[in-house]
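Chemist: One structure follows; several queries about it will come next.
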Amino acid sequence: MSRMLLQFIHQFGQKLTRKQLLEPIDESERPVAHLNILSLVIVGVGRMLIAGMYILAGAVAKFIAGPATIISFLVAAMFSILSGLCYTEFGAWVPRSGSTYFYSYVTMGQVYAFIIGWNSILLLVTGSASLARASSYIFDSLIGNHISQSLQESFSLQLPYSLATYADFFALGLVLLMTGLRLLGARESILVIRISIGINILVLIFITITGFVKGDLHNWKLTEQDYKLNTSGSRDIYGLGGLGPLGSGGFAPFGFEGILQGTATCFYYFFGVDVLATKGAEAINPHRSIPWSILVTIFICILAYSSVSAALTLMVPYYLIQPHNPFPQAILHSLWLPATYITSIGTLCALIFRLHSAVFRMPLLIYKMAEDGLLFRVLTRIHVRTGIHVLAMMSAANLAGLMALLFKYTDLVDLMSVGTLLIYSLVAFSILVLRYQPDQNLSKNENTEEEIEMPVPDEHPLDSEPEARNSNILKSLWFPISTIPTRKSGQIVYGCASLLVLLMIILSLILVQWSSQGFSGDSKYTPVAVLLLLLIIGVMVIIWRQPQNPIPLYFKVPALPVLPLVSIPALPVLPLVSIFVNIYLMMQITSGTWAIFGIWNVVGFLIYFGYGIRHSLEENDEQ
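Residues in the sequence shown are numbered from 41 upward in steps of one, following the working numbering.
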C-alpha cells in the first residue's frame, strides 16, 4: 500500500514538473538581431513609464510616506535593478524570444509556469482596471466631481475596506468601450503608443518645472503648528500606528515603516524589465545591450517618478493633497489656474491612450495558456474575419471592468505590487536553481539523441553510489563527488533553495513585527532572528558547495566569490538578496490586498488541478 502511495506521489510530482520542449525552427525563421541599446531603452521606457504615477504619487505621499515618497521610489528602483539582472539571465537560458510564462515552462516546469502565468494575467487585468479608474478620477475632477457625487448617492457601497466607497460605472464604461473597439477590429497602433509616450513625457516635464518653480521647501519641514484644523477629518487608511494624517511632520512623517510601505506600493511601477530581458534573440550584443538597457530604463523612470513626487510635495503640504487628482489641485494651491487644465487634460489623454494599449495586451497570455491546455480550451476561439481572440478578450475585459467598478485605485496598485513581487521572487529562485542543474533537453529534436548519449554511469561511476546509499547523504551535501552538476546535486539545491525561501518568509515576518517595536535590543525577537540568520547561512553554504553548470550564457548575474583563492564557483548571492527583499516588501502590503490576492490564486489552483493538469499539451504528448 505504501509503495503504491509513493508511486502515485512520484507520478503526480512528475506531472507538476513537466516541461515544454522547444519546437525546432528553421534558420530562416530565426529573428534577426536588430535592437541596439537605444531601441531597447525606448521599448522599456514606453512600457515602464506609467501615466498612473500622477495619482499614485499623491496617494503614497498623503497616506503612507509623505515627502519621503521620493525615497520609496528610489529604494523600489534599486531593488528592481536586482530583479532586472535576474530576468536577464533567465532569458539567456532559453534561446528564443517569449514571455516569462514561456521561459518558466521550458526551464522550471508546468506548475511553476502556471503560477507565473496566472499572476501575470492578474497584472494585465488589474493594470487595465487601474488605468480606467485613474481616468475616471481625472475626468470627474475636470467637470467638478459631479460623477463621483452622483454615484456616491446612487450606488454607495457599504462594503469592507478593500472595496471602493461607490461603484464607478464610468471606469467600467471605459473598459467596455476600449474592448468594443478591439472586438470591432481596431488594431494596436504604433502611432497611438508614440503619442501616449509623448504626452506622458510632456506632462511630466510640465509638472516638474511647475513644481520646482512654484514649490516651497518649507513643505518638507512641516511641524504640528503648520497643521490645519480643517484636515482633522482625514484618516490614516493604512494604519500607520495612529500617527494621524500629519504623522510626525518633517520629510519622513510616517518614519521608516512608511517608507517601506511606500516602496512596496511603488514597486509595480518598475514592472516592465521582462519586456527587455526577453529580447535576447532580437538584441545586438545581448550580453551588453540588455543589462545596460535595463539600467538606463530604470534610471530614466526613477528620475521621472522622483521628480513628480518632489514637485507634488513641494507645491502643497502632503496632508492637503487630493489623492484622486493630486497635481491639478496642487497647482491650483500654488495659484496658477490655467496650468490645472493643461495638467488634467494631458494626464487624461495619456491615461486613455495607455488604457487603449493595455486592453490589446490582455488576452494574449490567456490565449497562450489556453492553447497549452492550462486554461479552458474554449478561450482559444478566434473570430474568423478579424482574427481576434474573442472569448479571451471578453473574459479579460469583464474581469478588468468588474475590478474597475468595485476597487479603489490604491488597492489595485497594491494588488499589482504583490503580484509583481511574487513573479520577481520566482524568477530569482529560478536563477538560483538553474545554475546548479545538469544540462537540460530544451528542444524536441535533441531529446532522443541526448537520452542515448548520456552514459552517466560509465563516465562517472561514483555518481550512482551516493544516490543509492542514504548513509552518504550528509557527505554529499558538503563534499560533492562530481565537479559537474548531477541529478542528485540538482535536487539538493532545489530542496535547499526551497528551505531558504521558507526561512526568509519566517525571518521577514519576524522583522516586520520587530520593526513595529523600533528594533529594540531587548526584544524577544532577537534570538529568533539570529537563529534564522544562522540557518540561512548554513543552507547557503550547502548550496555553495554544489557544482555549478558551466554552460556559457550571454549574461549571468554577478556572483560573490566566498573564497577567492579556492577554485570553487562563486555563490550567486544577488538572486538570494532579491528574493529576501521581495518577500520583505510583500509583508508590507495590507491584509485586505493579501485576502484578494489569496482568493485569486485559490481560484487559479482550482482551475489548474481541476482542468489544466489533465488537459495540458505536454500530458497529451506523453499519452
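Backbone N, C-alpha and C fix where the C-beta goes; we use that ideal spot for every residue, glycine too.
Whole angstroms are fine: how far does the CA of Pro525 sit from the CA of Ala537?
Modeler: Start at 1 with the first residue of the sequence shown, and residue 537 comes out as number 497. Start at 1 with the first residue of the sequence shown, and residue 525 comes out as number 485. Distance between the alpha carbons of Ala537 and Pro525: 16 Å.
Chemist: Which same chain residues end up closer than 6 Å to Arg9 when comparing Cβ atoms and leaving out the 5 residues on each side of it in sequence?
Modeler: This structure cannot speak to residue 9, because the chain is shown only from 41 to 663.
Chemist: In or out: Leu75 buried (at least 16 other Cβ within 10 Å) or exposed?
Modeler: Looking up residue 75 in the sequence shown gives position 35. By the neighbour-count rule (16 or more Cβ atoms within 10 Å), Leu75 is buried.
Chemist: Under DSSP, the alpha helix (DSSP H) around Met443 begins and ends at which residues?
Modeler: Reading the sequence shown from its first residue, position 403 is the one you call residue 443. It spans Val430 to Leu446 - the alpha helix (DSSP H) in which Met443 sits, taken as one unbroken run.
Chemist: So, with DSSP's three-state summary, where would you put Ala323?
Modeler: Counting from 1 along the sequence shown, the entry for residue 323 is found at position 283. Reduced to three states, the DSSP call for Ala323 is strand.
Chemist: Quick one: residues in its chain with C-beta nearer than 7 Å to the C-beta of Ala73, no 5 flanking neighbours on either side, listed in chain order?
Modeler: Locating residue 73 in the sequence shown gives position 33, where the first residue counts as 1. Correct list, in chain order: Glu322, Ala323 and Ile324.
Chemist: With a threshold of 16 other CB atoms inside 10 Å of the CB of Met44, please say whether the residue is buried or exposed.
Modeler: Indexing the sequence shown from 1 puts residue 44 at position 4. So Met44 ends up on the exposed side.
Chemist: Taking one C-beta from the stretch 208-221 and one from the stretch 164-181 each time, how about it: are there three or more such pairs within less than 8 Å?
Modeler: At 8 Å Cβ cutoff, the stretches touch.
Chemist: Could you give the first and the last residue of the continuous alpha helix (DSSP H) run that contains Ser470?
Modeler: The residue labelled residue 470 in the question sits at position 430 within the sequence shown. Note, Ser470: alpha helix (DSSP H), Tyr449 to Leu474.
Chemist: Return the first residue and the last residue of the alpha helix (DSSP H) that His4 is part of.
Modeler: The chain is shown only over 41 to 663; residue 4 falls outside these bounds and no answer can be derived.
Chemist: By DSSP, does Tyr206 sit in helix, in strand, or in coil?
Modeler: Residue mapping note: residue 206 aligns to position 166 of the sequence shown, counting from 1. Strand.
Chemist: Is the distance from the Cβ of Tyr594 to the Cβ of Ala105 below 7 Å?
Modeler: Position 554 of the sequence shown, counted from the start, is the residue given in the question as residue 594. Position 65 of the sequence shown, counted from the start, is the residue given in the question as residue 105. No. Outside cutoff.
Chemist: Write down every uninterrupted run of the alpha helix (DSSP H) in the stretch 297-350 whose length is 4 residues or greater and which is fully enclosed by it, in chain order.
Modeler: The qualifying runs are 313-317.
Chemist: With DSSP as the reference, identify every bridge partner of Leu75, one or two as the case may be.
Modeler: Counting from one through the sequence shown, the residue named residue 75 turns up at place 35. According to DSSP, Leu75 bridges with Ala323.
Chemist: State the CB to CB distance for the pair Asn438 and Ile178, rounded to an integer number of angstroms; the pair is presumed to be in contact (CB under 8 Å).
Modeler: Mapped onto the sequence shown, residue 438 falls at position 398. Mapped onto the sequence shown, residue 178 falls at position 138. The pair is not a contact, with the Cβ atoms about 24 Å apart (cut-off 8 Å).
Chemist: Does the Cβ-Cβ distance between Ile111 and Ile361 come in under 7 Å?
Modeler: Residue numbering aside, residue 111 sits at position 71 when the sequence shown is read from its first letter. Residue numbering aside, residue 361 sits at position 321 when the sequence shown is read from its first letter. No, the pair does not count as a contact, with Cβ atoms beyond the cut-off.
Chemist: Take the Cβ of Gln586 as the centre, count every other Cβ of all protein chains shown within 10 Å, and call the residue buried at 16 or more, exposed below.
Modeler: As a working mapping, residue 586 is identified with position 546 in the sequence shown. Looking at its Cβ environment, which holds 16 or more other Cβ atoms inside 10 Å, Gln586 is buried.
Chemist: Mapping DSSP to helix, strand and coil, what is Leu415?
Modeler: Counting from one through the sequence shown, the residue named residue 415 turns up at place 375. Residue state, collapsed to three classes: coil.
Chemist: Could you tell me the alpha carbon to alpha carbon distance between Gln553 and Glu63, rounded to whole angstroms?
Modeler: Along the sequence shown, read from residue 1 onward, the residue named residue 553 stands at position 513. Along the sequence shown, read from residue 1 onward, the residue named residue 63 stands at position 23. Going from the Cα of Gln553 to the Cα of Glu63 covers about 49 Å.
Chemist: Using a 10 Å radius around the Cβ and a threshold of 16 neighbouring Cβ atoms, would you call Ala468 buried or exposed?
Modeler: Within the sequence shown, the letter at position 428 stands for residue 468. Answer is buried; the Cβ neighbour count reaches 16.
Chemist: Among Ser137, Ile161 and Gly225, which residue has its Cα nearest to the Cα of Lys319?
Modeler: Here residue 319 refers to the residue found at position 279 when the sequence shown is read from its first residue. When only C-alpha atoms are compared, the closest one is Ser137.
Chemist: Report yes if the C-beta distance between Gly124 and Ile334 is below 7 Å; otherwise report no.
Modeler: Numbered from its first residue, the sequence shown carries residue 124 at position 84. Numbered from its first residue, the sequence shown carries residue 334 at position 294. Going by C-beta atoms, Gly124 is nearer than 7 Å to Ile334.
Chemist: Where does Met44 fall in DSSP's three states?
Modeler: If you number the sequence shown from 1, residue 44 lands on position 4. Three-state DSSP puts Met44 in a helix.
Chemist: Measuring only the C-alpha atoms, how far is Ile623 from Leu540?
Modeler: Your numbering for residue 623 matches position 583 in the sequence shown. Your numbering for residue 540 matches position 500 in the sequence shown. C-alpha separation (whole angstroms): 12 Å.
Chemist: How about Ser144 and Tyr152: are their beta carbons less than 7 Å apart?
Modeler: Position 104 of the sequence shown, counting from 1, holds the residue named residue 144. Position 112 of the sequence shown, counting from 1, holds the residue named residue 152. Against a cut-off of 7 Å, the Cβ pair of Tyr152 and Ser144 comes out as a contact.
Chemist: Can you list, in chain order, the residues of its chain whose CB lies under 8 Å from that of Asp498, leaving out five sequence neighbours each side?
Modeler: Counting from one through the sequence shown, the residue named residue 498 turns up at place 458. With a pLDDT of 39 at Asp498, under the threshold of 50, the modelled position of that residue is not reliable, and the figure given next carries that caveat. Nothing listed; no residue qualifies.
Chemist: What is the rounded straight-line gap between the Cα of Tyr345 and the Cα of Phe113?
Modeler: Against the sequence shown, residue 345 aligns to sequence position 305. Against the sequence shown, residue 113 aligns to sequence position 73. About 7 Å.
Chemist: Between Ile183 and Leu442, what straight-line distance do the alpha-carbon atoms span, to the nearest angstrom?
Modeler: Here residue 183 refers to the residue found at position 143 when the sequence shown is read from its first residue. Here residue 442 refers to the residue found at position 402 when the sequence shown is read from its first residue. So the two alpha carbons sit approximately 24 Å from each other.
Chemist: Within 10 Å of its beta-carbon, does Thr219 have 16 or more other beta-carbons around it, so buried, or fewer, so exposed?
Modeler: Looking up residue 219 in the sequence shown gives position 179. Looking at its Cβ environment, which holds 16 or more other Cβ atoms inside 10 Å, Thr219 is buried.
Chemist: Alpha carbon to alpha carbon, how far is Trp260 from Leu80? Give it in angstroms, no decimals.
Modeler: The residue given as residue 80 occupies position 40 in the sequence shown. The residue given as residue 260 occupies position 220 in the sequence shown. Near 37 Å, if we compare the C-alpha coordinates of Trp260 and Leu80.
Chemist: Can you give the Cα-Cα distance for Leu452 and Ile239, rounded to whole angstroms?
Modeler: Along the sequence shown, one-based indexing puts residue 452 at 412. Along the sequence shown, one-based indexing puts residue 239 at 199. Cα to Cα, the separation comes out at about 24 Å.
Chemist: Is the distance from the Cβ of Lys102 to the Cβ of Pro363 below 7 Å?
Modeler: Numbered from 1 along the sequence shown, position 62 holds the residue referred to as residue 102. Numbered from 1 along the sequence shown, position 323 holds the residue referred to as residue 363. The answer is yes: Cβ separation under 7 Å.
Chemist: Let me know the secondary structure DSSP gives Lys596 once reduced to three states.
Modeler: Within the sequence shown, residue 596 is the residue found at index 556, counting from 1. Three-state DSSP puts Lys596 in coil, outside helix and strand.
Chemist: Would Ile156 pass as a contact of Thr166 if the rule is Cβ separation under 7 Å?
Modeler: Locating residue 156 in the sequence shown gives position 116, where the first residue counts as 1. Locating residue 166 in the sequence shown gives position 126, where the first residue counts as 1. No, these two residues do not count as a Cβ contact at 7 Å.
Chemist: Would you kindly check if the distance between the Cβ of Ala304 and the Cβ of Leu547 is under 7 Å?
Modeler: Start at 1 with the first residue of the sequence shown, and residue 547 comes out as number 507. Start at 1 with the first residue of the sequence shown, and residue 304 comes out as number 264. No, the pair does not count as a contact, with Cβ atoms beyond the cut-off.
Chemist: Using beta-carbon positions only, say whether Ala432 and Pro478 come within less than 7 Å of one another.
Modeler: On the sequence shown, residue 432 is found 392 positions in, with the first residue counted as 1. On the sequence shown, residue 478 is found 438 positions in, with the first residue counted as 1. Taking 7 Å as the Cβ cut-off, Ala432 and Pro478 do not qualify as a contacting pair.
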